[in-house]
Amino acid sequence: MNDYNERLALLSEMIAFSVIDGRLHEREYLFLTMIAEQLQVDKGDFKNLFHQEEYPVVIKSEFERIQQFYRLALLMHCDGILHEREQIKIHEIGINMGLNPHAIKRVLKAMKCSPNKMISPEFLLEVFQEQLN
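Here you go:
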């Protein structure tokens, strides 16, 4: 992700998703802060995103779409509470990203069954690559 505005848009999408259950949990905020640091987003810009509307961004690279989907899935699990609205919204986001619905379900199921709610990068990519064959 090269463009700074694209990184801001990705974070904005994540912030909007984090409050889909009606509140921003402290763990979600900490996770978002960690992602902002990883994406090298200025702290002031990051804080301002909480007061702006979400601006959708089209992610061209399939790898980056998978990566963003996984970030959102991690965010969904980080507060320890899996809300029905979050589950519905993440499926909708994945479909809108052009990801395979079957792969989305497999990834989310594997994460739900995982003790730490994480899956390996190899498994993540393998699931989405299977659908291309």
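First residue of the sequence shown? That's 31 in my numbering, and the numbers climb one at a time after it.
By construction, the Cβ of each residue, glycine as well, lies at the ideal position given by its N, Cα and C atoms.
Just so you know, these numbers come straight off a predicted model, no measurement behind them.
Local conformation of residue i per DSSP, three classes
i    : result
C108 : coil
L54  : coil
G128 : coil
S42  : helix
E176 : No statement about residue 176 is possible, as the shown extent of the chain runs from 31 to 163 and does not include it.
H113 : coil
S144 : coil
D33  : coil
K139 : helix
K77  : helix
V71  : coil
E83  : coil
I89  : coil
V157 : helix
Short Cβ contact (8 Å threshold) for residue i with residue j
i    : j    : result
L5   : I65  : Only positions 31 to 163 of the chain appear in this structure, which leaves residue 5 out of reach.
M44  : I89  : no
F158 : N130 : yes
C108 : E67  : no
D51  : H113 : yes
L60  : S48  : no
Supposed contact pair residue j and residue i - C-beta distance, whole angstroms, cut 8 Å
i    : j    : result
I149 : M141 : 6 Å
L138 : I96  : 13 Å between Cβ atoms; not a contact.
L102 : I123 : 6 Å
Heavy atom of the ligand NAP within 7 Å of residue i beta-carbon
i    : result
E122 : Looking for the ligand NAP in the displayed structure turns up nothing, as the structure carries no ligands at all.
Segment contact, 8 Å Cβ cut-off, at least three pairs: the stretch 103-118 with the stretch 68-77 = no
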